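Structure, as structure tokens:
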Amino acid sequence: MKWGWLLLGVLLSLGSLAWGEKGLEIPEYDGKDRVHALSARNYKSVMKKYDLMVIYYHKNVEGNRSAMKQLQIEELALEVSSWIAKKLKLKLNEVDFYEPFMEEPVTIPGKPYIESELVEYIEQHDRPTLRKLEPHSMYEIWEDDIDGEHIVAFAEEDDPDGFEFLEILKEVARENTDNPNLSIIWIDPDNFPLLVPYWEKTFRIDLSSPQIGVVDVEDADSVWMEMDDDDDMPTADELEQWIEDVLSGKIDPDDDDEEEEDDDDDDDDDDDDDDDDDDDDDDDEDDDEEDDDDDDDDDDDDDDE
Numbered sequence: 001m002k003w004g005w006l007l008l009g010v011l012l013s014l015g016s017l018a019w020g021e022k023g024l025e026i027p028e029y030d031g032k033d034r035v036h037a038l039s040a041r042n043y044k045s046v047m048k049k050y051d052l053m054v055i056y057y058h059k060n061v062e063g064n065r066s067a068m069k070q071l072q073i074e075e076l077a078l079e080v081s082s083w084i085a086k087k088l089k090l091k092l093n094e095v096d097f098y099e100p101f102m103e104e105p106v107t108i109p110g111k112p113y114i115e116s117e118l119v120e121y122i123e124q125h126d127r128p129t130l131r132k133l134e135p136h137s138m139y140e141i142w143e144d145d146i147d148g149e150h151i152v153a154f155a156e157e158d159d160p161d162g163f164e165f166l167e168i169l170k171e172v173a174r175e176n177t178d179n180p181n182l183s184i185i186w187i188d189p190d191n192f193p194l195l196v197p198y199w200e201k202t203f204r205i206d207l208s209s210p211q212i213g214v215v216d217v218e219d220a221d222s223v224w225m226e227m228d229d230d231d232d233m234p235t236a237d238e239l240e241q242w243i244e245d246v247l248s249g250k251i252d253p254d255d256d257d258e259e260e261e262d263d264d265d266d267d268d269d270d271d272d273d274d275d276d277d278d279d280d281d282d283d284d285e286d287d288d289e290e291d292d293d294d295d296d297d298d299d300d301d302d303d304d305e
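Here it is as structure tokens:
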């Protein structure tokens with residue numbers, strides 16, 4: 001019996017080792033040096049060794065320990081990802097442009113490329129269709145508005161409803177990635193716990209469930225898509241139609257300002273009417289006083305007679 005337990009323990013230990021090795025899958029270094037420091041002396045010989053190369057330009061890091069450490073980390077990433085070009089199916093002298101949350105890249109047109117054309121293309125497509133608000137880039141993204149407005153979506157990625165809504169949002173973004181006027185900011189409330197009460201108070205929404213709306217960056221006026229918590233998430237078609245209404249101006253956060261102005265005008269008109277009524281009352285009182293004075297004068301004349 002003891003030998004049976006011993007054999008079972010050996011088998012279990014071997015099985016756990018096998019599962020551990022399968023789960024890690026650490027790539028083994030094959031001894032080939034795939035990262036070279038190019039210089040005026042060696043660049044020709046190095047370029048002849050490879051059919052495809054990725055050139056990484058960086059500032060001189062000599063004398064700066066932090067910069068040297070960062071460069072070493074980047075070199076390590078290049079070593080581990082040496083097969084990335086083949087995996088991405090990059091062709092010779094081809095540049096692919098990857099946009100966040102898009103499944104397929106866009107090959108930049110105009111081969112052979114020149115630097116000015118590449119820079120121009122990247123600058124024209126610098127604003128993604130769907131971008132995530134991160135703490136380190138929140139100010140930069142918020143200042144990059146379109147006509148003073150942002151389409152903002154709140155969704156928790158770890159929440160089932162939030163994940164479902166985010167997948168629908170990605171689908172809509174992929175279908176409309178060619179629209180230069182569309183840019184959606186995705187905010188995961190879990191990344192900004194201290195700002196959640198402020199956003200809920202300012203926008204008058206409940207961030208315990210997914211939300212999408214259009215926000216005026218100047219006065220924080222906003223309009224939010226009506227979504228019932230008890231119902232399913234909106235379909236991609238419904239969400240796309242709502243976004244089209246926003247882009248066409250049918251849904252505009254400034255409409256609230258116009259309604260408030262109309263209310264103010266109505267209040268002013270009511271005040272003017274009240275003033276006119278008061279003036280009329282004053283005139284009537286003056287007329288009554290004059291009539292009373294005339295009657296008194298007549299009475300005095302009668303007494304004299």
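In terms of full-length UniProt numbering, the sequence shown opens at residue 1 and continues consecutively.
Virtual Cβ for every residue (Gly too), placed ideally from N, Cα, C.
These figures come from a predicted structure and were not determined experimentally.
| field | Per-residue DSSP class, three states only, for residue 41 | value | coil
| Where does residue 217 fall in DSSP's three states? | Here residue 217 sits in coil by DSSP.
| message | Tell me which residue opens and which closes the beta strand (DSSP E) that residue 154 is part of. | response | 149 to 154
| query | Nearest-angstrom Cα distance between residue 90 and residue 146? | reply | 33 Å
| Residues bridged to residue 223 by DSSP? | 214
| field | Range of the contiguous beta strand (DSSP E) that encloses residue 91 | value | First-last for residue 91: undefined, no H or E at that position.
| Extent of the continuous beta strand (DSSP E) to which residue 132 belongs | 130 to 132
| Range covered by the alpha helix (DSSP H) that runs through residue 122 | 115 to 124
| said: Quick check on the burial criterion: 16 or more other C-beta atoms within 10 angstroms. Buried or exposed for residue 162? | reply: buried
| query | Which residues bound the beta strand (DSSP E) around residue 185? | reply | 184 to 187
| residue 181 versus residue 149 - alpha carbon distance | 11 Å
| query | If you draw a straight line from the alpha carbon of residue 80 to that of residue 174, how long is it in whole angstroms? | reply | For residue 80, the pLDDT reaches just 47, beneath the cut-off of 50, and the residue's location in the model is therefore unreliable, leaving the point undetermined.
| message | Since residue 200 and residue 194 should fall inside the 8 Å C-beta cutoff, what is the C-beta to C-beta distance between them, to a whole number of angstroms? | response | About 12 Å separates the two Cβ atoms, so there is no contact after all.
| Coil, strand or helix - residue 146 by DSSP | strand
| Got a sec? Which residues, its chain only, sit under 6 Å from residue 98 by beta carbon, not counting five neighbours each side? | 105
| What number of angstroms, rounded off, separates the C-alpha of residue 49 from the C-alpha of residue 36? | 11 Å
| task | Alpha carbon to alpha carbon, how far is residue 157 from residue 253? Give it in angstroms, no decimals. | result | A straight line joining the alpha-carbon of residue 253 with that of residue 157 spans about 27 Å.
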